[in-house]
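Below: the structure, in structure tokens.
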Amino acid sequence: DVVVTQSPLSLPVGLGQPAFISCRSSRNLVYSDGNTYLNWFHQRPGQSPRRLIYHASKRDSGVPDRFSGSGSGTEFTLKINRVEAEDIGVYYCMQGTHWPFSFGGGTKVEI
Amino acid sequence: QVQLVESGGALVQPGGSLRLSCAASGFTFRDYYMSWIRQAPGKGLESVSYISGGSNDIQYSDSVRGRFTISRDNARNAVYLQMNDLRVEDTAVYYCTRDPRHFDYCGQGALVTVSS
Numbered sequence: 055d056v057v058v059t060q061s062p063l064s065l066p067v068g069l070g071q072p073a074f075i076s077c078r079s080s081r082n083l084v085y086s087d088g089n090t091y092l093n094w095f096h097q098r099p100g101q102s103p104r105r106l107i108y109h110a111s112k113r114d115s116g117v118p119d120r121f122s123g124s125g126s127g128t129e130f131t132l133k134i135n136r137v138e139a140e141d142i143g144v145y146y147c148m149q150g151t152h153w154p155f156s157f158g159g160g161t162k163v164e165i
Numbered sequence: 032q033v034q035l036v037e038s039g040g041a042l043v044q045p046g047g048s049l050r051l052s053c054a055a056s057g058f059t060f061r062d063y064y065m066s067w068i069r070q071a072p073g074k075g076l077e078s079v080s081y082i083s084g085g086s087n088d089i090q091y092s093d094s095v096r097g098r099f100t101i102s103r104d105n106a107r108n109a110v111y112l113q114m115n116d117l118r119v120e121d122t123a124v125y126y127c128t129r130d131p132r133h134f135d136y137c138g139q140g141a142l143v144t145v146s147s
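Here the protein sequences line up with chains A and B, keeping their order. The first sequence begins at 55 in my numbering and counts up one residue at a time. The second sequence begins at 32 in my numbering and counts up one residue at a time.
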């Protein structure tokens, strides 16, 4: 099975400061159709996960442009350009290339 | 707009059975793979199973294979998860999701608690 490793586990950050979350996969995430199925999600306490980024770098509709995804192959990064109070919660990366699709352990962002 | 609404969560004893349902709306249901993922209390996310639009492509995680069965009814726009021989470690919020590779939409979840 593909192991997805996120770091850091916890990320204290100041308002208006940038934040970076790393995601590493044990296998290359380029699928046979040429797409890279690497998603980023945000989950607030008591809520369902909400997707922010798909195909490693494509931002979902309605997601603020302070969120950006980058990377390829096995190394990926989520960047929050200027953290706002509403960005607190847990961020997960997820690979949808190799079944069973797997998630990183999560990064808790706190102000 | 896309909506996924899970139901059927409950408290059940170890060894018991439960069936979760997910009612979908706002999109052409038969055109999409659907899946179930779960999240144990205070823990991360885990893929459980997926099913293709025509029910001819089905996968399970090793932790549930042989105990859980995914199915769908395209006439009713619904996907189901039949869970048998439940274990304490199956305790989790179960989410219904559209398009398992992309995971673009997710329901609010159904809580399954397995305890004596």
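The beta-carbon is built from N, C-alpha and C at its ideal position, and this holds for glycine as well.
message = Using a 10 Å radius around the Cβ and a threshold of 16 neighbouring Cβ atoms, would you call Pro103/A buried or exposed?
response = Residue environment analysis places Pro103/A among the buried positions, since at least 16 neighbouring C-beta atoms fall within 10 angstroms of its C-beta.
query = Phe134/B touches chain A at which residues, Cβ-Cβ below 7 angstroms?
reply = Here the neighbours are Asn93, Arg105, Met148 and Gly150.
ask   = Which residue from Glu120/B, Ser146/B, Ser66/B and Ile101/B puts its Cα closest to that of Asn138/B?
value = A small correction: the amino acid at residue 138/B is Gly; Asn does not occupy that position in the sequence shown. Residue Ser66/B is the option with its Cα nearest to Gly138/B.
ask   = Would you say Pro118/A reaches chain B, if we count a Cβ-Cβ gap shorter than 7 angstroms as a contact?
value = Using beta-carbon distances, Pro118/A does not count as an interface residue toward chain B, since no partner is under 7 angstroms.
task = Could you name the residues of chain A that Tyr126/B contacts, counting a contact when the two beta carbons are closer than 8 angstroms?
result = The contact set of Tyr126/B on chain A, defined by CB atoms closer than 8 angstroms, consists of Ser102 and Pro103 in chain order.
inquiry  = Quick check: is the beta carbon of Tyr145/A nearer than 7 angstroms to any beta carbon in chain B?
reply    = It does not: the Cβ of Tyr145/A has no partner Cβ on chain B nearer than 7 angstroms.
query = CA-CA distance, Pro154/B and Ser94/B?
reply = Residue 154/B is absent from the structure shown; chain B starts at 32 and stops at 147.
query = Any chance the region 67-82 of chain A sits against the region 133-151 of chain A, with 3 or more Cβ pairs inside 8 angstroms?
reply = The region 67-82 of chain A vs the region 133-151 of chain A: in contact.
request  = Measure the Cβ-Cβ separation of Gln60/A and Thr161/A and say whether it is below 7 angstroms.
outcome  = Note that the C-beta distance between Gln60/A and Thr161/A is below 7 angstroms.
inquiry  = Only counting the same chain, and skipping five residues up and downstream in sequence, which positions put a Cβ closer than 7 angstroms to that of Tyr85/A?
reply    = In chain order, Tyr91 and Thr151 place their CB closer than 7 angstroms to the CB of Tyr85/A, counting only its own chain and leaving out the 5 sequence neighbours on each side.
task = Return the Cβ separation of Val137/A and Leu69/A in integer angstroms, given the expectation that the two are a contact with Cβ distance under 8 angstroms.
result = Yes, they are in contact, since the Cβ atoms of Val137/A and Leu69/A sit about 6 angstroms apart, within 8 angstroms.
Cβ pair count under 8 angstroms reaching 3, the region 36-51 of chain B against the region 103-117 of chain A = Cβ pair count under 8 angstroms is below three, so no.
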